[in-house]
Structures are given as structure tokens and as C-alpha cells.
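Reading through the C-alpha cells given below for one structure.
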Amino acid sequence: MARIFLVEDDIMVATLMKQSLSKNDKFEIHHFTNAEDCIANLHLRPDIVTVDYNLPGMDGLTLMDKIKSFDQNIMVVICSGQESVEVVISCYRKGAQDYILKSENMIADIERSVNNLAMNVTLRKEVELLKDQIIDRNKYSNIIGNSNAILRTLRLIQKVEKNNMMVLITGQSGTGKELVAKALHYNSDRARKPFVIVNMGAIPNELVESELFGHEKGAFTDAREKRIGKFEESHEGTIFLDEIGEMDMSLQSKLLRVLQEKEISRIGSNKIMKLNFRLIAATNKNLHQEVKDGRFREDLFYRLQGFLIHLPPLKERGDDILLLARHFLNDFAMQNRLAEHVISKEACKFMLEYSWPGNVRELKAIIERAALMSENHTITLDDLTFVTA
Amino acid sequence: MQLNIINMQTTNYTNLDFLREISDGNDVFYKEFLSLFLTSAPKSISEMEQCYTARDWEHLRMLAHKIKPSFNYVGLKELNHCAAKIEEIATKKIDSGEIQMLLDNIKSVCAVAFKELEEEIKNGLA
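Spelled out as C-alpha cells, the structure:
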């Protein structure tokens, strides 16, 4: 599909152009009689714009300049009665893709030109789509797996890594939420700045505020020294709030304010600090349900939903289980100077069928234990010990 | 002096082959376009006359430039040449009465051509 703008004040010419181009059912055609209306509609992102050289008000060349400064990729065809070589050259120099002389054959020439350019547009869109689908695996070497589920996740990471959007990573415990957060940070423009991890579930409630916002010396009884909080530490970098579903309601409102204002003040200080950080949050809880149950603020929930990445549980990742198992086995063998190990067919079959409630974390622990237990450098079914909670 | 651009002929002045081809069987478009021509062409010719009387060369040049291709769409190629000539003279701003003759010619041809087109609208593509 190509979106085409016709900017032509001569209604008869425009009517003929529309009729001629509308034979191609892949064209969506919009007609404007002046440059100003065309500019006002550029947000519709046309692929091709045909521009009359002699428009009333703003002339065709000025309009082309405006179109090109809005988006260099928009293709412009100038239609003109001017046969002067200088005019033609100046149109091409200023970025026109084609120049059509308003002659007897104009309508056929326009049709041919727009059809050719539309083919380029289609090719360009296909290339963009393919680029989008190609995942640079070198960038995500820590994320092991080739399953559709994990490739989908990598595509999402790739989409959002370069921008500044807030990201919420959801998924069961042990699915690799921190790995994804690291991938987002280390592939972003903030990679050389701090990556600060805060596990909300691991900090006692009474210390959380001080941990996040810092405090001044003497701000409270135990505040013997000034402390820089995690938000301040993450300035120009990324702060990763893991297990955000564990956050206390009163702190949730403070967090919401920080996210809205991007400024904090240490406990015991009136000085407001403007900060520039990217927030990545993660949770294994169903935050929607938490909102319904009144344990999580609805406004914060929506604020965090900037970009959602859901990590699949290990049991849904098929052959990734074996890829991960072999990866952990090789790592463990190397670190502990053990000989190279293999995994028996029975053990593989069992692992593929197992439910993995502890996900990748559980797999790693079981493989490392099995490597120690195994004999003859082969992990058999007997070496796999599953602990039920 | 009378410009001998249009000879007496028994066949139609207009030629609608181009319009039929581009209509691609779309009768609505075909009739609408002819109606559009019948609305705008007389208006433009009348404006050209007014500009000529007022010796408003720039406006006359623009009008001639604009009407020029529209004659082609209905097969009035000779009138396209008349309009081109008017445009050329208006650009130079030196007229020895030629423009009036060209305008008279356009008007007399159009008087017949418009009737043909009105008839064509009634019949349509069929």
C-alpha cells in the first residue's frame, strides 16, 4: 500500500490524475489544492507527493523543501509546464525524484512515474520489515535460546532498547527478567552510564525510602552519614526496579511523582534534584490483579505500562531447555575444571517434558548438581534431582 | 483577418478517445469530468476576455497557461495551440490584435464543442 498526495490547484488535472492512479488498488490517494493543506496533513506520512510547480500561495519548490525537511524519505514528483533545463535541474538538485512536464502525455507520465516510485517504496518497506526481524544475536549473547517465544522477546528488546521508554518486564520467577533489563541498558545510549539494580522484595520496608531517595546526615536517628539514593546513582543511566509488585503503597505514590517530575530530594533535604534516568521495572506478579485487589496503585500501573515485555516460562521454550542445559553444563565444567560433559537421551527427554516451576534458575541449579553427581562425564536421568517446593 | 485554424468539418470538433481510455469504463467519472470541463472552460474564456480588455497581461498569461492542457483532454488540440499562442503574446506583452482573433476562434469552436460534449454527457460511455 502506498499513500499518495496530489497537490494540484487545477481541478481538472487533479481529477484526471486521481482517476488514472486509482486504477492501482494499492494506492491511497489524497488531493490538496494548496501547499498549506498538504503540510497540515504530512502527519499522515505520505510515501509519494506530486507537487504542481506553480501553486497559488506557497510555490512547489518551497513545498518540496518543507516535505523533505519533514521526512527525507517522502518521494516528490514535480509537475510543471516549465521546459527550461535550469528549472528541471534545480528541481532535481533540491531533491525531486522525478520531473513531469505538463504536456499532452502528462497523465500517462505521472502514472508511470508514481508506479515506479511506488515499487521503490514497497521495496524499502520490505527491507525495513526484514531489518526489523533480523536480530543481532551478538548483542544478546547472554540470552540463550532460539525458540519463537524468545525470538519474539528479542525483537521487542531491539525495538525499545534505543529509546527512552519506560519498560515493564513481566514473567515468572527465574525467567531472566534481569538479563533482559541488562540487555536493554547495555544496548542503549546509556550503556556507559550506571545500571542500578534495586530489588524491592529484598529491602526492609523501613529502609526502602532511604535506599531509593538517599538521606542527609541526621535526617533520622540512624542517619549518621549522608547517603546517595539509587535514583541519584542512576542519573544518566538506568534504574532497574525488580519485584516492583512488592512496593509499599505509600512509596508507590512517591515513585509515581518521581516518574512524572523526574526529580527527587533526599530525606531531610529541601533541595530538589533534576534527574535523567530510564526506568525498567519487573515483576512476577499479575499487576492488573494487584490493582483490582487494591495492593497496587492504578495510576502507577498505567504509568509503568509504557512498553511491556513478557518473558515466557521455560516449559514453553521447547528446545531452548536443552540449549540452556548444555550452556550451563559447559560453564560449570569450565569454572570447576571438570571434563566436558554430555547429557543422555533419557535425561534430555525428561527435561523437555518437565514443568520447570523454577524456570531457568531451577534448570541451572539442577544441571550444576547433576554435573557433580554424574559419572563417566554423562548426565543420566538418575543424576537429575528435582526438589519440589 | 481570420485565423484559419479550424476548418469547416463535418466530423466532431471534440475527440474523446483519451478520456474514454482513462475512464476505463467508469461512466460516472466520464460524465463528471465532461461536466467539470463545461463548467470551468466558459468561465476561463470569459476571464481571459476580461483580462485582455483590461490589458492584464500577467493574469491573461496565467489563464491561457492553465486552460491550454484542458483543451487537450477533450481533443481540442487546435485550441490548445491558440491558448499557447495567447500565453506567448501575453508574456511578451506586445499585441497587434492577434489575441482578440485567437479568443474569437476559441469561442466559436467552443460554441460547437460544448454542444457536442453536452450530447456526450447524455449518452455516456455506452
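So the sequences go chain by chain: A and B. Sequential numbering of the first sequence, starting at 46, is according to the numbering used here. Sequential numbering of the second sequence, starting at 1067, is according to the numbering used here. Even glycine gets a Cβ: it sits at the ideal position worked out from N, Cα and C. Just so you know, these numbers come straight off a predicted model, no measurement behind them.
Inset, instruction - If I'm right that F322(A) touches I354(A) with Cβ under 8 Å, what's the distance once you round it to whole angstroms? - result: Not quite, the Cβ-Cβ distance comes to about 19 Å (not below 8 Å), so this is no contact.
Legend entry - Within 8 Å, strictly: CB atoms of V121(A) and A141(A): yes
Legend entry - Any C-beta of chain B under 8 Å from that of M103(A): no
Legend entry - Outcome for L432(A) when other beta-carbon atoms lying within 10 angstroms are tallied against a minimum of 16: For the sequence presented, residue 432(A) should be read as Val rather than Leu. With fewer than 16 Cβ atoms within 10 Å of its Cβ, V432(A) is classed as exposed.
Legend entry - Proximal residues of chain A, C-beta to C-beta of S1106(B) below 8 Å: I56 and M57
Inset, instruction - Quick one: grab the DSSP three-state call for R90(A). - result: coil
Inset, instruction - Would you identify the three-state DSSP class for L1082(B), choosing helix, strand or coil? - result: coil
Legend entry - Under the three-state DSSP convention, the category V121(A) falls into: strand
Legend entry - Residue closest to K394(A), alpha-carbon to alpha-carbon, out of K360(A), E420(A), F373(A) and A416(A): For the residues K360(A), E420(A), F373(A) and A416(A), the minimum Cα distance to K394(A) belongs to K360(A).
Legend entry - Minimum Cβ-Cβ distance from I1174(B) to chain A less than 8 Å: First, the amino acid is wrong: residue 1174(B) is Ser here, not Ile. So no, S1174(B) is outside the interface.
Legend entry - Cβ-based burial, R382(A) [other Cβ within 10 Å; buried from 16]: Result: exposed.
Legend entry - Cα-Cα separation, L263(A) to F240(A): Note on identity: in this sequence residue 263(A) is Gly, with Leu being the wrong assignment. Each residue's alpha carbon lies about 28 Å from the other.
Inset, instruction - Tell me, please, whether the stretch 371-380 of chain A touches the stretch 333-352 of chain A by the rule of three or more beta-carbon pairs shorter than 8 Å. - result: no
Inset, instruction - Could you tell me which chain A residues have their CB closer than 8 Å to the CB of I1160(B), listed as they occur along the chain? - result: In chain order: nothing, as chain A lies at least about 21 Å away.
Legend entry - Segment contact flag, the stretch 243-259 of chain A with the stretch 207-216 of chain A, C-beta cutoff 8 Å, min 3 pairs: no
Inset, instruction - Please classify N1171(B): does DSSP put it in a helix, a strand, or coil? - result: Helix at N1171(B).
Inset, instruction - Determine, using beta-carbon pairs with one atom in the stretch 235-250 of chain A and one in the stretch 300-314 of chain A, whether at least three such pairs fall under 8 Å. - result: no
Legend entry - Extent of the continuous beta strand (DSSP E) run through F50(A): A47 to V52
Legend entry - Listed by chain order, chain A residues near S1136(B) by CB distance under 7 Å: M57
Inset, instruction - At 7 Å on the CB atoms, spell out the chain B contacts of I152(A), in chain order. - result: I1088
Inset, instruction - Could you spell out the range, first to last residue, of the beta strand (DSSP E) harbouring R323(A)? - result: R323 to T328
Legend entry - Under the three-state DSSP convention, the category R1121(B) falls into: coil
Legend entry - Secondary structure, alpha helix (DSSP H): runs of 4+ residues fully inside the stretch 124-212 of chain A: Here the runs fully enclosed are 130-138, 151-178 and 193-205.
Inset, instruction - Could you please give the first and the last residue of the uninterrupted beta strand (DSSP E) stretch that includes F72(A)? - result: F72 to F77
Legend entry - Rounded straight-line distance, which links the Cα of L196(A) to that of R460(A): Absent from the structure is residue 460(A), since the part of chain A shown begins at 46 and ends at 434.
Inset, instruction - Name, going along the chain, the residues of the stretch 313-345 of chain A whose beta-carbon falls closer than 7 Å to a beta-carbon of chain B. - result: none
Inset, instruction - Pick helix, strand or coil for D214(A), following the three-state DSSP scheme. - result: Before going on, a small fix: residue 214(A) reads as Ile here, not Asp. Here I214(A) sits in strand by DSSP.
Legend entry - Closer than 8 Å to chain B by CB, T60(A): yes
Legend entry - Short-range partners of chain B found in the stretch 64-77 of chain A, where Cβ spacing is below 8 Å: Cβ contacts with chain B: Q64, S65 and K68.
Legend entry - Contact set between the stretch 126-151 of chain A and chain B, restricted to residues whose Cβ is under 9 Å from the partner: G126, K147, S148, E149 and M151: these are the residues of the stretch 126-151 of chain A whose beta carbon lies less than 9 Å from some beta carbon of chain B, given in chain order.
Inset, instruction - Could you check the C-alpha separation between K1097(B) and N118(A) for me, to the nearest Å? - result: 38 Å
Inset, instruction - List the residues that DSSP assigns as beta-bridge partners of N244(A). - result: In DSSP, N244(A) forms a bridge with D287(A).
Inset, instruction - Quick one: residues in its chain with C-beta nearer than 7 Å to the C-beta of I273(A), no 5 flanking neighbours on either side, listed in chain order? - result: G259
Legend entry - Inter-stretch contact at 8 Å, needing at least 3 Cβ pairs: the stretch 124-132 of chain A / the stretch 72-91 of chain A: no
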